[in-house]
Amino acid sequence: MMHAKAWKKRDSGITLRLALCFFILSMLYLVFLTILAYLGVGFIPLVFIGSFLVILQFLISDKIVLWSTGARVVSEYEFPRLHAIVDRLVIRAGLPKPKVAVMHTSVPNAFATGKGYRSAVVAVTTGLMSMLDDEELEGVIAHELAHIKNRDMLAITLASVFSTVAWYMMHWGWYGMYGYRSRDQASGALIAILIAAVTWFISFLLIRAISRYREFIADRDGALLTGKPSKLASALRKISGMMSRIPERDLREVEAMNAFFIIPALSGDTLSRLFSTHPPVQERIRRLMELEASMHT
Amino acid sequence: MIFKGWGIRKKRGGDEKDSSSIFRLTTAFITLNIRLKVEFKDLSAICIKEATGRFSNALDSVKGFLSISKEISYSIKGDRYGYIWIIIKGMVEDAVAAIDAIADTFIEYGFEEQILAAIFAFNYKGKRLYLIYNYKSKRFYPFAPIGSRERDYDTEMLVYSILKDELNMENDVSKWYPIWDIPL
Chain L
0 MMHAKAWKKR DSGITLRLAL CFFILSMLYL VFLTILAYLG VGFIPLVFIG SFLVILQFLI
60 SDKIVLWSTG ARVVSEYEFP RLHAIVDRLV IRAGLPKPKV AVMHTSVPNA FATGKGYRSA
120 VVAVTTGLMS MLDDEELEGV IAHELAHIKN RDMLAITLAS VFSTVAWYMM HWGWYGMYGY
180 RSRDQASGAL IAILIAAVTW FISFLLIRAI SRYREFIADR DGALLTGKPS KLASALRKIS
240 GMMSRIPERD LREVEAMNAF FIIPALSGDT LSRLFSTHPP VQERIRRLME LEASMHT
Chain Z
0 MIFKGWGIRK KRGGDEKDSS SIFRLTTAFI TLNIRLKVEF KDLSAICIKE ATGRFSNALD
60 SVKGFLSISK EISYSIKGDR YGYIWIIIKG MVEDAVAAID AIADTFIEYG FEEQILAAIF
120 AFNYKGKRLY LIYNYKSKRF YPFAPIGSRE RDYDTEMLVY SILKDELNME NDVSKWYPIW
180 DIPL
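Line by line, the protein sequences give chains L and Z.
End of the first sequence sits at 296 in numbering that gives the first Met the number 0; the numbers just go up one at a time, nothing left out.
End of the second sequence sits at 183 in numbering that gives the first Met the number 0; the numbers just go up one at a time, nothing left out.
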């Protein structure tokens, strides 16, 4: 159990680092553009500058991701098993082969990044490779290839472009109403920043919703690519530690335990669910198993 | 259907839905058979913690109506945890009706707390598969043991996802307690 908790902690570390990186970048843009707006730069140039920044971020996103996760591109000679699985899948998916990267950590994790098919990178951790069997690893990599094939990186970037544009429309609407150098300038600036923060927060939630939705799509497409949804489901079960949640103790022993205590023994599960950081895993497994079930008709 | 009178005569008040959920097994078994070629072995059981006092009267009453049934045959076994297993051999409808009648009898005698679970035995690709109905939670869950102390999670998840729309399935996998050495 200690071991399972240890990797969970480090797992959120990677996600946190990525999220923090992009959060700081977004905040920098907002501050930069706000300063420009106060210096009197017009609306149209601002949209251009904003779009330019987002596009720049998109262009170098794979480098940011590789840099912040510490993933290293590896050759066929270093990781033949991994390359063989990727090779088999890209042929069937009709994709050019992406770069293959490895992160040296026991945390089981994987990601895909890249602006297009040519520059795409698939990265897995050494922990993932040692935890999963070939078919499960194939399931996970097929999921990541589905992200590349569906150009999810582009979709997320587009979503953030729209949110930036939306933010500026609200921002500009404020100044349009009250005039730029009125006596309300101080409080106006405050409200502008408030609106900016709220808009940014909503678009953050929206982008998260879009990316969750694209996760489900990638699960489905990846499962269709391998033809074995249950293998990705079992990989997810292993990665999420769900396997260890299915009890081993006999029902009759548990009943006997509960009879001893006036308050029924509280299962540790209730607490862990309250603090769980990845609620959708069960939902993803459920959908995958539904797909698997629909193949048995 | 000799047990019809017993099955319908309910004293559980608002639990109409729960009591009927065990009767939904008939269609669930058909679904399992069509989707996974799972075969019901015509073997089921209800597992009850033995008690003293009027418990033996309840058991006698159960034996009384089970022995006059033409549709099913029964046997009674004990286990090392102090539970008795009333094992029913018979087709789905008759087995479900019998198990419901047994449960009702023990409830009538005041032994509701003693009833642990109803278990239905299946054959899935030559392997053992059980559907367990927990009387406390009033929910079903799958149990696919391999060997003596291992379980086939993949099969369990598959059965779960096929049945979850039809039966009152236990969604929390941490409550899928195994019952090792099921005598079915």
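Even glycine gets a Cβ: it sits at the ideal position worked out from N, Cα and C.
Starting from the beta carbon of residue i, find every residue of chain L whose beta carbon is closer than 8 angstroms, and list them in chain order.
i, result
"L128 of chain Z", "Per Cβ cutoff of 8 angstroms: no residues; L128 of chain Z is ~14 angstroms from chain L at best."
"P177 of chain Z", "P246, E247, R248, D249 and L250"
"Y82 of chain Z", "R251"
With distances taken from CA atoms, which of the options is nearest residue i?
i, options, result
"D151 of chain Z", "Z:L166, Z:L128 and Z:Y132", "Z:L128"
"Y134 of chain Z", "Z:A120, Z:L162, Z:I101 and Z:I87", "Z:I101"
"G52 of chain Z", "Z:I131, Z:G109 and Z:I33", "Z:G109"
"W175 of chain Z", "Z:T26, Z:F105 and Z:P141", "Z:P141"
"E297 of chain L", "Z:R148, Z:S136 and Z:M168", "One cannot answer for residue 297 of chain L here, as it falls past the ends of chain L, which runs 0 to 296."
"L250 of chain L", "Z:L166, Z:I118 and Z:E107", "Z:I118"
"S72 of chain Z", "Z:L42, Z:E38, Z:D171 and Z:N170", "Z:L42"
"R285 of chain L", "Z:M156, Z:I181 and Z:V91", "Z:M156"
For residue i, collect the residues of the same chain with a Cβ closer than 8 angstroms to its Cβ; drop the 5 residues on either side in sequence, then sort them by chain order.
i, result
"E135 of chain L", "K230, L231, S233, A234 and K237"
"T112 of chain L", "S60, D61, V64, L65, A119, V120, A122 and M152"
"M84 of chain L", "It is worth fixing the name first, because residue 84 of chain L is Ile in this sequence and not Met. Closer than 8 angstroms at the Cβ level, and outside the excluded window around I84 of chain L, lie D133, L136, E137 and I140."
"I21 of chain Z", "V95, I98, D99, A117 and Y132"
Within 10 angstroms of its Cβ, does residue i collect 16 or more other Cβ (buried), or is it exposed?
i, result
"I262 of chain L", "Note on I262 of chain L: pLDDT 43, under 50, position unreliable in the model; the coordinate value appears next. Exposed is the call here."
"S147 of chain Z", "exposed"
"D103 of chain Z", "buried"
"R80 of chain L", "exposed"
"Y132 of chain Z", "buried"
"A264 of chain L", "Note that A264 of chain L scores a pLDDT of 39, beneath 50, so its modelled location is shaky; the value from the coordinates is reported in the next line. The residue in question, A264 of chain L, is exposed, as its Cβ has fewer than 16 Cβ neighbours within 10 Å."
"S25 of chain L", "buried"
"I45 of chain Z", "buried"
"F105 of chain Z", "buried"
"F22 of chain L", "exposed"
"E291 of chain L", "buried"
"H103 of chain L", "exposed"
"F121 of chain Z", "buried"
"A208 of chain L", "exposed"
Apart from the five residues just before and just after residue i, which ones in its own chain have a Cβ nearer than 6 angstroms to its Cβ?
i, result
"K10 of chain Z", "Residue confidence is low: K10 of chain Z scores 41 on pLDDT, short of 50, so the model does not pin down where it sits. Its coordinate-derived value is still stated next. Cβ neighbours of K10 of chain Z beyond the five flanking positions: none."
"V139 of chain L", "A109 and A234"
"P44 of chain L", "none"
"D220 of chain L", "A145"
"Y28 of chain L", "L52"
"L31 of chain Z", "V37"
"T269 of chain L", "At T269 of chain L, the pLDDT of 43 sits below 50, so the modelled position is not reliable and the matter cannot be decided from this model."
Only counting the same chain, and skipping five residues up and downstream in sequence, which positions put a Cβ closer than 7 angstroms to that of residue i?
i, result
"M168 of chain Z", "R138, F139, Y140, Y159 and L162"
"S74 of chain Z", "I86"
"H142 of chain L", "A217, D218, G221 and L231"
In chain Z, which residues lie less than 7 angstroms from residue i when you measure between Cβ atoms?
i, result
"A292 of chain L", "R34, L157, S160 and I161"
"H295 of chain L", "R34 and L35"
"R285 of chain L", "S160"
Which residues in chain Z have a C-beta closer than 8 angstroms to the C-beta of residue i? List them in chain order.
i, result
"E289 of chain L", "S160"
Contact residues within the region 128-162 of chain Z, judged by C-beta distance below 8 angstroms to chain L: I131, N133, R148, R150, Y152, D153, E155, M156, L157, Y159, S160 and I161
Residues in the region 32-45 of chain Z having any Cβ partner in chain L nearer than 7 angstroms: R34 and L35
Members of the region 107-118 of chain Z near chain L, C-beta cut-off 8 angstroms: L115 and A116
Residues within the region 208-238 of chain L neighbouring chain Z, beta-carbon criterion of under 8 angstroms: S229, A232, S233 and R236
Near-chain Z residues of the region 112-139 of chain L - C-beta to any C-beta below 9 angstroms: none
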